[in-house]
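Asks:
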């Protein structure tokens with residue numbers, strides 16, 4: 076089945092072409108074309124996943140390439156497909172959510188005048204996202220990256236008659252472009268130093284030291300900039316809330332599950348090249364994002380906006396998790412988040428469809444009128460709040476554990492801020508999500524007219540909800556996820572000090588000389604002897620790895636010798652650590668345990684507080700709001716980011732362009748006009764010259780001739796004696812000369 | 015030369031040159047013609063001193079007897095009878111005098127300062143026979159050509175002086191119209 | 132010797148003839164000047180023939196000069212008569228058709 080991997084993106088692309096060209100004329104406007112294409116893709120993805128699962132190998136890798144562009148010498152680009160464990164998972168995520176969204180859209184977009192185009196756009200988005208996931212080189216991931224950006228622009232601004240929607244589409248694209256600029260710089264640094272663009276070749280080149288030190292950090296940060304843009308991290312998060320202008324299925328697909336996840340996926344894909352400094356940068360960005368977004372989400376009253384900020388915050392969690400070394404944690408959260416966030420969005424779409432409003436202050440008590448929506452929404456909320464048993468708990472817990480471990484391992488007490496911040500925000504998350512649930516589904520309806528009108532959605536809308544809710548339990552993920560998705564070995568050649576959680580060295584296909592690896596992943600990690608075997612689908616992990624460094628992510632099987640079942644698979648929760656006879660893994664164990672307890676505590680507290688405020692009414696939210704009015708306003712206005720950007724960047728750009736326009740108009744055009752005038756002037760001078768000098772010379776010559784002629788003519792008197800006279804005179808002169 | 019010969023020589027020279035000067039100066043053209051006559055005569059006398067006897071005779075015959083008569087005829091025929099004494103005022107004679115005097119000066123100076131290879135001794139002998147002989151032998155061609163030339167001149171002059179409109183009649187000088 | 136004197140006489144004759152040509156207004160007078168010049172040349176010829184070369188060629192030349200002078204005088208006078216018939220005067224100033 077894995078041989079057919081190339082069909083997965085290809086079919087939606089063909090569906091796009093069909094729908095764009097002749098979609099209007101097809102029966103049912105061609106929605107079945109797109110749905111069929113993505114459904115087949117889903118089937119193939121499931122097949123691939125099962126193959127991968129059956130192989131159950133953390134080092135699984137399937138890589139086919141063939142030459143694409145050979146410009147000779149330096150620039151040779153191969154196109155290829157790379158499937159490894161995380162790819163297989165991502166494929167499944169993307170195709171599943173995409174299929175469900177296609178299904179949902181049939182009901183939601185019913186009657187829209189551009190129905191066929193919507194499905195065409197969904198198809199091209201799917202194509203771009205799947206291509207991004209399957210890409211095996213920076214070259215192609217960048218291409219698909221941009222395509223994803225384009226597709227999201229088309230989808231966000233789908234109802235472009237509304238100015239706010241059109242603006243939102245533009246904003247998304249432009250802000251993304253800012254991030255992509257950094258991404259491009261990162262790629263160019265890599266290409267300039269390593270000369271290759273395929274992942275494996277790049278890892279190898281970096282391992283050989285072609286790119287190191289500050290430049291490598293910069294390249295890493297550059298690439299991360301792309302993720303900042305695409306995954307709406309601070310400071311490029313401003314587009315995500317505005318993107319809610321798009322139809323709800325679009326929000327579910329793009330902004331819950333897939334596109335925003337692309338950034339996280341990218342970081343995971345090129346994990347080996349980040350230096351510890353780059354990781355620190357990544358972690359801080361993630362931390363800042365998760366905090367800011369959560370605080371804003373507290374104050375929002377639009378159901379989609381709450382979810383949007385929630386997405387932003389959860390993305391921050393994922394990024395931070397990756398930054399502190401929790402590779403598995405971040406990617407796990409990516410996967411679980413896809414499911415429950417899509418469920419939340421689609422559920423909100425269902426509510427909006429029923430109540431015809433997006434303002435939660437007009438809702439209330441809907442659980443009686445929309446039971447299915449209510450139950451699925453509640454399940455997803457429990458997941459996001461991190462209640463044990465649900466998928467969110469599994470992944471968020473992993474992140475917290477990694478953060479705490481990082482803080483504890485690091486010599487710098489400042490690094491504890493990651494854990495503290497994340498923990499606090501986890502509590503906030505639980506609070507605002509339950510606020511949303513309570514205000515929407517519990518209590519008394521605030522607007523009776525709307526309440527009476529509300530009804531449950533049709534099956535093609537609630538079936539996806541149910542599916543996604545079912546996927547929001549933790550048992551789906553625990554165990555195998557941790558084993559299959561393991562942190563790759565870093566190739567950033569540094570005698571890293573604060574290397575984030577040095578451990579879980581898994582060999583990728585890149586061949587490393589053992590020696591460099593020795594110093595690589597800081598102190599204890601060192602695997603004294605790598606088997607250096609080229610891994611390709613099923614090589615073994617180092618047996619030696621079992622020793623000290625066996626630093627494993629919380630929850631994942633402690634990597635050890637393949638067969639050695641010492642790597643016991645675990646379910647969620649329990650700190651799994653292989654035979655850790657080392658401080659390091661002891662710290663890890665402690666960290667994970669402590670993290671788990673504290674996250675549960677915080678989550679419970681958050682939920683309780685939410686009920687206290689909004690349901691039991693022991694604390695009046697309005698009084699609190701009034702008491703903290705300035706803070707509330709600040710939060711509600713999204714920390715004034717948009718205003719800040721407008722004042723600085725936008726106005727700066729406008730001023731710059733005005734300045735440049737002035738320059739162009741006055742200086743450049745002035746120069747051109749000046750040269751034209753100079754030309755006119757010179758030609759005037761030349762004309763005058765021609766008139767007076769040249770013609771003057773000619774005329775003067777003529778005049779001189781005439782003058783001299785008329786003078787000399789007087790010699791010709793016609794009188795012979797004059798001639799004789801002159802003759803005689805001349806003869807005399809000659810005689811005189813001759814005589815004397 | 016001996017005394018009387020020199021004296022005669024100088025008289026002849028003075029006559030010639032004086033007459034020539036008079037020809038140049040005299041305003042009355044008839045007077046000029048008469049002076050010219052004396053100039054010719056003087057030159058003929060000088061020829062005798064140069065043992066050119068035939069030449070002297072020829073000079074008198076042709077120049078005085080022919081050319082001078084012609085000139086006089088022309089003078090009289092080209093004036094109104096009443097105007098025969100037409101004064102002939104000269105114009106810009108100072109420049110001409112200057113030229114001529116300086117030319118004379120230069121020529122004289124040249125002549126005097128040059129030593130010509132004069133053969134010593136002077137032989138006086140009749141030249142007629144020799145001239146006649148040479149004309150028939152050595153200088154026959156020029157002789158014949160000269161006769162042709164004379165013929166041409168004759169015809170030409172006769173033709174030219176014919177009055178207009180008349181054909182074949184004798185050249186009858188008429189009063190000018 | 133005597134030759135110098137003769138040559139000087141010749142030069143004098145020549146200059147007088149030149150003066151006549153230059154200053155006289157009447158065409159016949161001009162012709163007279165020309166005759167003077169011819170005579171001057173003749174004198175030179177004969178002088179040289181007598182004193183220097185002792186051949187008689189000089190005299191023969193002089194004969195021819197006289198012949199030609201005669202012919203030329205005849206034709207010239209015919210022309211002058213024609214001129215008088217045409218224009219009523221023989222002043223040389225009137226014959227300026229060659230004027231530039």
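Protein chains in written order, with the numbering used here: chain A, 76 to 815; chain B, 15 to 191; chain C, 132 to 231. Note that CB positions come from ideal geometry on N, CA and C, so glycine has one too.
Can you look up residue 150 of chain A in the DSSP assignment and give me helix, strand or coil?
Replies: By one-based count along the first chain, residue 150 of chain A stands at place 75. The answer is coil: DSSP assigns residue 150 of chain A none of H, G, I, E or B.
Asks: Based on the DSSP output, what are the partners of residue 149 of chain B in its beta bridges?
Replies: Here residue 149 of chain B refers to the residue found at position 135 of the second chain. Its beta-bridge partners do not exist; DSSP assigns none.
Asks: Helix or strand or just coil, what does DSSP make of residue 87 of chain A?
Replies: By 1-based counting over the first chain, the position of residue 87 of chain A is 12. Here residue 87 of chain A sits in helix by DSSP.
Asks: Measuring straight from C-alpha to C-alpha, what distance separates residue 338 of chain A and residue 373 of chain A?
Replies: Locating residue 338 of chain A in the first chain gives position 263, counting from the first residue. Locating residue 373 of chain A in the first chain gives position 298, counting from the first residue. Whole-angstrom Cα-Cα distance: 25 Å.
Asks: Is there a C-beta anywhere in chain A that falls below 8 Å from the one on residue 223 of chain C?
Replies: Residue 223 of chain C sits at position 92 when you count from the first residue of the third chain. Yes - at least one Cβ of chain A is within 8 Å of the one on residue 223 of chain C.
Asks: Contact criterion: CB-CB distance below 8 Å. Does residue 72 of chain B meet it with respect to chain A?
Replies: On the second chain, residue 72 of chain B is found 58 positions in, with the first residue counted as 1. It does not: the Cβ of residue 72 of chain B has no partner Cβ on chain A nearer than 8 Å.
Asks: Write down every uninterrupted run of the alpha helix (DSSP H) in the segment 240 to 315 of chain A whose length is 4 residues or greater and which is fully enclosed by it, in chain order.
Replies: As far as the segment 240 to 315 of chain A is concerned, its whole alpha helix (DSSP H) runs of at least 4 residues are 274 to 282 and 288 to 305.
Asks: How would you call residue 83 of chain B, buried or exposed, if buried means at least 16 neighbouring beta carbons within 10 angstroms?
Replies: Locating residue 83 of chain B in the second chain gives position 69, counting from the first residue. Exposed, since its Cβ has fewer than 16 Cβ neighbours within 10 Å.
Asks: Alpha carbon to alpha carbon, what distance is there between residue 510 of chain A and residue 674 of chain A?
Replies: Counting from 1 along the first chain, the entry for residue 674 of chain A is found at position 599. Counting from 1 along the first chain, the entry for residue 510 of chain A is found at position 435. For residue 674 of chain A and residue 510 of chain A, the distance between alpha carbons rounds to 19 Å.
Asks: Let me know if residue 108 of chain B comes out buried or exposed under the rule of 16 or more other beta-carbons within 10 Å of its beta-carbon.
Replies: The count along the second chain starts at 1 and reaches residue 108 of chain B at position 94. Label assigned to residue 108 of chain B: exposed.
Asks: Could you name the residues that DSSP lists as bridge partners for residue 139 of chain A?
Replies: Taking the first chain and counting its residues from 1, one reaches residue 139 of chain A at position 64. Residue 139 of chain A pairs with A:156.
Asks: Closest to residue 446 of chain A by CA distance: which of A:160, A:540 and A:382 is it?
Replies: Locating residue 446 of chain A in the first chain gives position 371, where the first residue counts as 1. Among A:160, A:540 and A:382, the Cα nearest to that of residue 446 of chain A is on A:540.
Asks: Less than 8 Å separating the beta-carbons of residue 175 of chain B and residue 158 of chain C?
Replies: Counting from 1 along the second chain, the entry for residue 175 of chain B is found at position 161. Counting from 1 along the third chain, the entry for residue 158 of chain C is found at position 27. Contact: no.
Asks: Report buried or exposed for residue 209 of chain A, applying the criterion of at least 16 other Cβ atoms within 10 angstroms of its Cβ.
Replies: The residue given as residue 209 of chain A occupies position 134 in the first chain. Buried.
Asks: For residue 250 of chain A, count neighbouring C-beta atoms within 10 Å of its own C-beta (all shown protein chains included) and say buried if the count is 16 or more, exposed if not.
Replies: Here residue 250 of chain A refers to the residue found at position 175 of the first chain. Flag for residue 250 of chain A reads buried.
Asks: What is the C-beta distance between residue 227 of chain C and residue 813 of chain A, in whole angstroms, given that I count them as a contact (C-beta under 8 Å)?
Replies: In the third chain, counting from the first residue as 1, residue 227 of chain C sits at position 96. In the first chain, counting from the first residue as 1, residue 813 of chain A sits at position 738. Actually they are not in contact, since the Cβ atoms of residue 227 of chain C and residue 813 of chain A sit about 33 Å apart, beyond 8 Å.
Asks: Return the Cβ separation of residue 77 of chain B and residue 191 of chain C in integer angstroms, given the expectation that the two are a contact with Cβ distance under 8 Å.
Replies: Here residue 77 of chain B is taken as the residue at index 63 of the second chain, counted from 1. Here residue 191 of chain C is taken as the residue at index 60 of the third chain, counted from 1. The pair is not a contact, with the Cβ atoms about 17 Å apart (cut-off 8 Å).
Asks: Helix, strand or coil: which one does DSSP assign to residue 563 of chain A?
Replies: Here residue 563 of chain A refers to the residue found at position 488 of the first chain. The answer is strand: DSSP assigns residue 563 of chain A an E or B state.
Asks: Among A:441, A:428 and A:379, which one has its Cα closest to the Cα of residue 419 of chain A?
Replies: Indexing the first chain from 1 puts residue 419 of chain A at position 344. Among A:441, A:428 and A:379, the Cα nearest to that of residue 419 of chain A is on A:379.
Asks: Taking residue 810 of chain A as the query, report the chain B residues whose CB atoms sit under 8 Å from its CB, ordered along the chain.
Replies: Within the first chain, numbered from 1, the residue matching residue 810 of chain A stands at position 735. Neighbours of residue 810 of chain A on chain B, chain order: 117, 120, 121 and 124.
Asks: Quick check on DSSP: helix, strand or coil for residue 94 of chain A?
Replies: Taking the first chain and counting its residues from 1, one reaches residue 94 of chain A at position 19. In this structure, residue 94 of chain A counts as helix in the three-state DSSP scheme.
Asks: Pick helix, strand or coil for residue 210 of chain A, following the three-state DSSP scheme.
Replies: Working through the first chain from its first residue, we reach residue 210 of chain A at position 135. Here residue 210 of chain A sits in strand by DSSP.
Asks: By the 7 Å beta-carbon criterion, what residues does the segment 144 to 158 of chain C contribute toward chain A?
Replies: Residues passing the 7 Å Cβ filter: 149, 152 and 153.
Asks: Contact criterion: CB-CB distance below 8 Å. Does residue 767 of chain A meet it with respect to chain C?
Replies: Locating residue 767 of chain A in the first chain gives position 692, where the first residue counts as 1. Taking Cβ atoms only, chain C never reaches closer than 8 Å to residue 767 of chain A, which makes this a no.
Asks: Report the partner residues of residue 548 of chain A according to the DSSP bridge assignment.
Replies: Locating residue 548 of chain A in the first chain gives position 473, where the first residue counts as 1. Answer by DSSP bridge pairing, in chain order: A:465.
Asks: Going by the beta-carbon positions, is the gap between residue 194 of chain A and residue 94 of chain A smaller than 8 Å?
Replies: One-based indexing of the first chain puts residue 194 of chain A at position 119. One-based indexing of the first chain puts residue 94 of chain A at position 19. Yes. Within cutoff.
Asks: Can you list, in chain order, the residues of its chain whose CB lies under 6 Å from that of residue 317 of chain A, leaving out five sequence neighbours each side?
Replies: Indexing the first chain from 1 puts residue 317 of chain A at position 242. Excluding sequence neighbours, residue 317 of chain A sits near 243 and 246.
Asks: Taking residue 756 of chain A as the query, report the chain C residues whose CB atoms sit under 8 Å from its CB, ordered along the chain.
Replies: Working through the first chain from its first residue, we reach residue 756 of chain A at position 681. Correct list: empty, because the minimum Cβ distance to chain C is about 48 Å.
Asks: Closer than 8 Å, CB to CB, is residue 160 of chain B near chain A or not?
Replies: Along the second chain, read from residue 1 onward, the residue named residue 160 of chain B stands at position 146. It does not; no Cβ of chain A falls within 8 Å.
Asks: Would you mind reading off the limits of the alpha helix (DSSP H) that contains residue 107 of chain A?
Replies: The sequence position of residue 107 of chain A within the first chain is 32, counting from 1. Residues 106 to 130.
Asks: Closer than 8 Å, CB to CB, is residue 148 of chain B near chain C or not?
Replies: The residue given as residue 148 of chain B occupies position 134 in the second chain. Chain C contact via Cβ: present.
Asks: Taking the straight line between their C-alpha atoms, what separation do you get for residue 157 of chain A and residue 81 of chain A?
Replies: As a working mapping, residue 157 of chain A is identified with position 82 in the first chain. As a working mapping, residue 81 of chain A is identified with position 6 in the first chain. Between residue 157 of chain A and residue 81 of chain A, the C-alpha separation is close to 10 Å.
Asks: Taking only the alpha-carbon atoms, compute the straight-line gap between residue 715 of chain A and residue 709 of chain A and give it to the nearest angstrom.
Replies: Here residue 715 of chain A is taken as the residue at index 640 of the first chain, counted from 1. Here residue 709 of chain A is taken as the residue at index 634 of the first chain, counted from 1. C-alpha separation (whole angstroms): 7 Å.
Asks: Along the chain, where does the alpha helix (DSSP H) that runs through residue 485 of chain A open and close?
Replies: One-based indexing of the first chain puts residue 485 of chain A at position 410. Per DSSP, residue 485 of chain A belongs to no alpha helix (DSSP H) and is neither H nor E.
Asks: To the nearest whole angstrom, what separates the beta carbons of residue 465 of chain A and residue 547 of chain A, a pair I think is in contact under 8 Å?
Replies: Here residue 465 of chain A refers to the residue found at position 390 when the first chain is read from its first residue. Here residue 547 of chain A refers to the residue found at position 472 when the first chain is read from its first residue. Contact flag correct, Cβ pair sits at about 6 Å.
Asks: Taking 7 Å as the limit between beta carbons, can you name the residues of its chain near residue 77 of chain A, skipping five residues before and five after?
Replies: As a first step, residue 77 of chain A is located in the first chain; it is residue number 2 there, counting from the start. Cβ within range, chain order: 123, 126, 137 and 158.
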